[in-house]
Amino acid sequence: MTYYCSDCDKLFFAGRTARDQHCQATGHALPAFECDSCSDCFDDEYDRCEHMNLEQHWAENAPECTICLFHAVTEEEVVRHEVEEHNYCADCKRTFMNLNCIRQVSKSSSKRDEVLMGVAFEWKDSSYIIGDLSFLQSEM
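Residue numbers for the sequence shown, in the working numbering: 9 to 148.
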């Protein structure tokens, strides 16, 4: 596979390592959003992940959904995907009929907010907000 330096347009037929060493030695920038398996580069992380999902180009140790073939960069993204797409609670190890059922479980909890592996849910009517509420850990 051929890699190239976007700063000087030099081609590296020896592979990614040769290109990376060149960039380190010259101070040229490495691609910010490069596929884990091929030499394709993207404008943003979303496009890179979309490509890697479609082509199954994820590294072997990439976090993976326990239900489908979805992969992500972080474990938190996988947990968010499992909740939003599959109504799955990692703490309970159960799939629920809908998000409202997960909401009911969180209401019965002794905590003010139910935290699912670092992803907290704050319920407002039937909609919800997902975000990192690790700053609340001291209050729980």
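Cβ atoms here follow ideal geometry from the backbone N, Cα and C, with glycine treated the same way.
In this chain, Asp-51 is not harboured by any alpha helix (DSSP H), its DSSP state being neither H nor E.
Between Cys-13 and His-30, the C-beta spacing is below 7 Å. The shortest C-alpha to C-alpha distance from Asp-15 to any of Asp-28, Phe-21, His-59 is the one to Asp-28. For Thr-25, the enclosing alpha helix (DSSP H) covers residues 24-34. DSSP, read as helix, strand or coil, puts His-94 in helix.
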